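Mapping of the sequence shown onto numbering that gives the first Met the number 0: position 10 corresponds to residue 9, and the numbering continues sequentially without gaps. These notes concern the structure reproduced below.
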Amino acid sequence: MKCYHCAVEADAKKTNHIVDMDDCIIIVRQVPSYVCPQCGEVMYTVSVAKQIEQYVEAAKSAMSDLSVINYQNLIA
Ligand SMILES: [Zn+2]
């Protein structure tokens with residue numbers, strides 16, 4: 000996968016995806032992602048992005064202050 004900004008090939012890495020909302024914080028750990036070595040832009044494949052989105056929606060409706068999950072548990 001290439002960076003949208005630099006057109007540089009991004010490195011496959013595990014990152015933490017953090018969503019900081021007004022009333023809660025949602026963290027997805029160990030997300031398989033691509034990181035641009037030049038600008039640090041983090042990108043996800045479509046399936047990973049969908050998985051995260053689904054979890055964030057579910058966590059939002061749970062209404063807790065802090066929600067943390069390991070990505071590996073999402074796809075299990
Ligand atoms: Zn870049």
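We put the beta carbon where it would ideally sit given N, CA and C, even for glycine. As the structure is a computational prediction, the values presented were derived from the model and not from experiment.
Please list, following the chain, all residues that have a C-beta closer than 5 Å to any non-hydrogen atom of ligand 1. Cys2, His4, Cys5, Cys35, Gln37, Cys38 and Glu40
CB-CB under 7 Å to Cys76, same chain, minus the five flanking residues each way: which ones, in chain order? This structure does not reach residue 76, given that the chain is present from 0 up to 75, and the question cannot be answered.
Inter-residue CB distance, Ile26 and Val55 (contact presumed, cutoff 8 Å): At roughly 10 Å, the Cβ-Cβ gap does not stay under 8 Å, so Ile26 and Val55 are not in contact.
On the criterion of 16 or more Cβ atoms from any shown chain inside 10 Å, does Ala9 qualify as buried, or is it exposed? buried
At what residues does the beta strand (DSSP E) containing Ala11 begin and finish? Asp10 to Asp19
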